[in-house]
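One structure is given below, encoded as structure tokens.
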Amino acid sequence: MVEQLLRVFRFMNQSLWQQIQQEAAKVAAEEPVLASFLQVTILKHDTMLAALGFLLAEKLGCNATSALTLHEVFEEAFGADREMEDKVNCDILAIYNRDSACQDLFSTFLYYKGFHALQAWRAAHWLWQQGRKPLALVLQNRISVSFGVDIHPAAQIGRGIMFDHATGIVIGETAVVEDCVSILQSVTLGGTGKETGDRHPKVRRGVMIGPGAKILGNIEIGAGSKVTAASVVLNDIPAHSVVAGVPATVVGTNNIEAPAELMDQGLSGCCD
Ligand SMILES: CC(C)(COP(=O)(O)OP(=O)(O)OC[C@H]1O[C@@H](n2cnc3c(N)ncnc32)[C@H](O)[C@@H]1OP(=O)(O)O)[C@@H](O)C(=O)NCCC(=O)NCCS
291 MVEQLLRVFR FMNQSLWQQI QQEAAKVAAE EPVLASFLQV TILKHDTMLA ALGFLLAEKL
351 GCNATSALTL HEVFEEAFGA DREMEDKVNC DILAIYNRDS ACQDLFSTFL YYKGFHALQA
411 WRAAHWLWQQ GRKPLALVLQ NRISVSFGVD IHPAAQIGRG IMFDHATGIV IGETAVVEDC
471 VSILQSVTLG GTGKETGDRH PKVRRGVMIG PGAKILGNIE IGAGSKVTAA SVVLNDIPAH
531 SVVAGVPATV VGTNNIEAPA ELMDQGLSGC CD
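Here the sequence shown is numbered in our numbering, starting from 291 and rising by one per residue.
In structure tokens, the structure reads:
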């Protein structure tokens, strides 16, 4: 679905950033109180990545690591990743498609802290891959303090990801989250405390993880599965399963290819 929307924008010969700027210009004209804010955050920037680097630096800067310093870090990290713009586009459209409260693209860019946490994590991940671990850990800390989202820089996360509400999301060092996954607030992808090394969950494509779910250990959540709210998952889950409970058990199979895209959090689509 995200890929289809991106194709529509390309067909219209318009980038997502142009669309966001048009929306912001309209709001600035209608609500003059917001005009200078929208000018500084959106309208003055030629590209989405330039605006994103500025926005994240403003949100994450502190006395010890200033916004100016972090701005340079984001510019370097985003500039080095040729796929960064595509990842950001997919993540914005994932929110726009899936969050029924989301009315437009520009407010997704400006206000969704799950989106901000994920994009700042992408910079931390790049730094980690470059061997610049101390700086990556500074970013992890700033993201955790500012957004309440704690993702280890070494984790692996795809694109088309939505962190809805986002507060309290924790993702461990060896976790994998494939493309097109939705994760709600207070979800932990953590270790059991009994394993070392590769010890965190592997979440396959299209999975929907409901609020408060705790997925613990080096286990696999199969593609297209649904983990319902407050489940504690301790074992592998086959693809297209629906799991619920503490400890979680498979309560049905799921006939939806990617529950993450539909934000299908209940037992609907459950065939058993
Ligand atoms: C790891 C953990 C889930 C279970 O550890 P454990 O004590 O070794 O227990 P086991 O895995 O052997 O399970 C023992 C039984 O209790 C059950 N069980 C485990 N956790 C449970 C829970 N939270 N609620 C209810 N039952 C639970 C298991 O299903 C198992 O039942 P069974 O014997 O009928 O199969 C538990 O200790 C825990 O929650 N640890 C905290 C880990 C954590 O917070 N990680 C996040 C880090 S960011």
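Ideal placement from N, C-alpha and C gives every residue a C-beta, glycine not left out.
- Counting the other Cβ atoms within 10 Å of the Cβ of Asp-376 gives fewer than 16, which makes it exposed.
- For Ser-390, no alpha helix (DSSP H) run applies, since DSSP gives it neither H nor E.
- Using a C-beta cut-off of 8 Å, the segment 409-416 makes no contact with the segment 510-523, since fewer than three inter-stretch Cβ pairs fall below that distance.
- When the five nearest sequence neighbours on each side are left out, the beta carbons in the same chain lying within less than 7 Å of the beta carbon of Gly-458 are those of Gly-438, Gln-475, Ser-476, in order along the chain.
- In the DSSP assignment, Lys-492 is bridged to Val-466, Glu-510.
- Taking C-beta atoms under 8 Å as the contact rule, Ile-527 and Ile-546 fail to qualify, at a distance of about 15 Å.
- For Leu-328, the Cβ stays outside the 6 Å cut-off from all heavy atoms of ligand 1.
- Taking 7 Å as the cut-off, the Cβ atoms of Val-428 and Thr-359 do not count as close.
- Closest option to Ile-509, judged by alpha-carbon separation, among Val-536, Gly-500, Gly-480: Gly-480.
- Relative to ligand 1, Leu-339 has its C-beta separated by 6 Å or more from all heavy atoms.
- Annotation: Thr-539 to Gln-312 spans about 48 Å, alpha carbon to alpha carbon.
- Taking 4 residues as the minimum length, the alpha helix (DSSP H) runs contained wholly in the segment 344-404 are 357-370, 374-388, 395-401, in order along the chain.
- About 12 Å separates the beta carbons of Ile-385 and Leu-306, which is beyond the 8 Å limit, so they are not a contact pair.
- For Val-439, the three-state secondary structure derived from DSSP is coil.
- The DSSP-derived three-state label of Val-323 is helix.
- In chain order, Leu-328, Ile-332, Leu-333, Phe-396 place their CB closer than 7 Å to the CB of Ala-314, counting only its own chain and leaving out the 5 sequence neighbours on each side.
- Residue burial annotation: Tyr-402 is buried, with at least 16 other C-beta atoms found within 10 angstroms of its C-beta.
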